[in-house]
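Enquirer: Line by line, the protein sequences are chains A and B. Note that our numbering has the first sequence beginning at 121, numbered continuously upward. Note that our numbering has the second sequence beginning at 1100, numbered continuously upward. Have a look at this one.
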Amino acid sequence: MIKRIAAIIMSVLMISAVAFSASAASGINTDEQRLIDAYKSANANGYYFDEYTINQIEIYFMRDGVDITADQADQVIAYLNEAVSYFAGTGATSLQSLSTEQKQHLLEIVRNGAAVVGLTVNYDAANKLFQVYTADGELVYSSAVVIKTTGADYTPAIITFAVVLMIACAAVVAAKKKGLMQR
Amino acid sequence: MKIHFSSNQKHNFKNLLAYICMPVGFCVLGYLLIYIVFTPIITPVLSVSEMFISDADFKNGENLTSIFDKNSASSENTGDTVDMSQVQIPSYGTHYANLSIDSVSIDAPLYFGDSSAALSQGVAQYNGSFLPGFGRPILISGHNNSYFNSLQYISVGDEITITTNYGVYKYKVTETKIAAYNDKTAYDLAAQEENLILYTCYPFDTLGLTPQRFFVYADKVSGPDVV
């Protein structure tokens, strides 16, 4: 849990350093690769980036127009180190065990990084999702589960039908009592 | 002139009223009453319950777009490679390709990003997996009661085709498997080779939510590498 939360935070910092545009692919430049290598190697101290996070970042680095500079890479790595150090320094074993102030501080680091290039970080508490958007509202990162629900749920329809059937039976009973039904 | 009804006709009318009209009327009125009164209460309750019993993705309500050009993809790219500058990386919620499996009559638009909206309009690719031609895993899902319903009849050796604007890619099915939705051994998105993974909910005829998924694995057979 602690590893995954840290990975999410760090991945947000990674994406924060670049500007995005939906256009042709351009590949990954040397500074982008340096960034990828940096957070891949950040697996020490109990924190790690899972492949789902790394892949999303790689895909967006491939976009044409997404060309991180050496200076941006240095800034992101600095934010990354700050977040990792802060989290490690709390001694926390999970995000939930952080105090409100600690959570706020950690999120502040993430949002500061995102604001550099106009990205917005959203944490949906109800669904426990981290999402990163461009200024145009384009989703560029999500911490959503990999395997989705891809089946139909007929439960609401079944419940509705059962209720309607009960009402129909009640109507028949009422009709009998009223003497409407005669043999 | 008065119209007189026989006792038998009156009897039939009363039976019609009792057995047909009143139940139907009660049903309609009852449903309207429930809908009007309880919808504001039930809807948030169902939404909250979904957080606990569903592993569904957050419905962010994004709009779907399309960059897929059927005419552009009509001719197969016979070359072994395609330049990266010819490839447009789709944004989340974009229809960028078409997926077809002739053996089981599947022909569906393919979206990048597996939101609920995308899954309602076609089959959808997990945005943490790569595009065809990039030499990395591709993870695609579809609903078991719509676009991927006939996936249950797929066999090893069947061919899957993904048609993009920059090339046509073919994959051959090597295995099918049933696994839990949270079984991470069912897929490997860190692999450094291109393979296709399709999945949908299992069993196919279930009425409610299910924790199992039907996985289909396929290896790349042909299609230009993006360089």
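Backbone N, C-alpha and C fix where the C-beta goes; we use that ideal spot for every residue, glycine too.
(1) Evaluate F181 (chain A) with the Cβ neighbour count: other Cβ atoms within 10 Å of its Cβ, from every protein chain shown; 16 or more gives buried, anything less gives exposed.
(2) What's the gap between the Cα of L200 (chain A) and the Cα of D191 (chain A)?
(3) Can you have a look at K1319 (chain B) and say buried or exposed, based on whether 16 or more other CB atoms are within 10 angstroms of its CB?
(4) Hey, quick one: how far does the alpha helix (DSSP H) through S1106 (chain B) stretch, first residue to last?
(5) Quick check on the DSSP output: the beta strand (DSSP E) that includes L1297 (chain B) runs from which residue to which?
(6) For Y1210 (chain B), list the residues DSSP reports as bridge partners.
(7) Going along chain B, which residues have a C-beta under 9 Å from V293 (chain A)?
(8) Closer than 8 Å, Cβ to Cβ, to anything on chain B: give me those residues from the segment 225-250 of chain A, in chain order.
(9) Need the endpoints of the beta strand (DSSP E) that I1259 (chain B) sits in, please.
(10) Looking at the structure shown, is S1254 (chain B) part of a helix, part of a strand, or coil, going by DSSP?
(11) T270 (chain A) versus chain B: which residues are under 8 Å apart at the beta carbon?
(12) D1345 (chain B) bridges to which residues according to DSSP?
(13) Looking at the strands, I want to know which residues DSSP matches up with A1290 (chain B).
(14) Using a C-beta to C-beta distance shorter than 7 Å, which residues of chain B count as neighbours of Y172 (chain A)?
(15) Determine whether the Cβ of A1117 (chain B) lies closer than 9 Å to any Cβ atom of chain A.
(16) In its own chain, which residues sit with a C-beta less than 6 Å from the C-beta of S146 (chain A), not counting the 5 before and 5 after it?
(17) Please compile the residues from chain B whose C-beta is within a distance smaller than 8 Å of the C-beta of G147 (chain A).
(18) Between which two residues does the beta strand (DSSP E) carrying D244 (chain A) extend?
(19) What did DSSP end up calling L218 (chain A) once you bin it into helix, strand or coil?
(20) Are any of the Cβ atoms in chain A nearer than 9 Å to that of A1317 (chain B)?
(21) Since L1198 (chain B) contacts I1261 (chain B) with CB under 8 Å, what's their CB separation in whole angstroms?
(22) Would you please verify whether the beta carbon of K1283 (chain B) is less than 9 Å from any beta carbon of chain A?
(23) Within 10 angstroms of its Cβ, does I1277 (chain B) collect 16 or more other Cβ (buried), or is it exposed?
Expert: A quick look at the data gives this:
(1) buried
(2) 14 Å
(3) buried
(4) S1106 to L1115
(5) N1294 to Y1301
(6) B:H1194 and B:A1223
(7) In chain order: nothing, as chain B lies at least about 10 Å away.
(8) D244, A246, N247 and L249
(9) E1258 to T1263
(10) coil
(11) L1218, S1240, G1241, H1242, N1243, F1247, Y1298, T1299, C1300 and R1312
(12) Examination of residue 1345 (chain B) is not possible in this model, given that chain B is present from 1100 through 1326 alone.
(13) Per DSSP, none; premise fails for A1290 (chain B).
(14) G1227 and L1288
(15) yes
(16) D184
(17) M1183
(18) T240 to D244
(19) coil
(20) no
(21) 5 Å
(22) yes
(23) exposed
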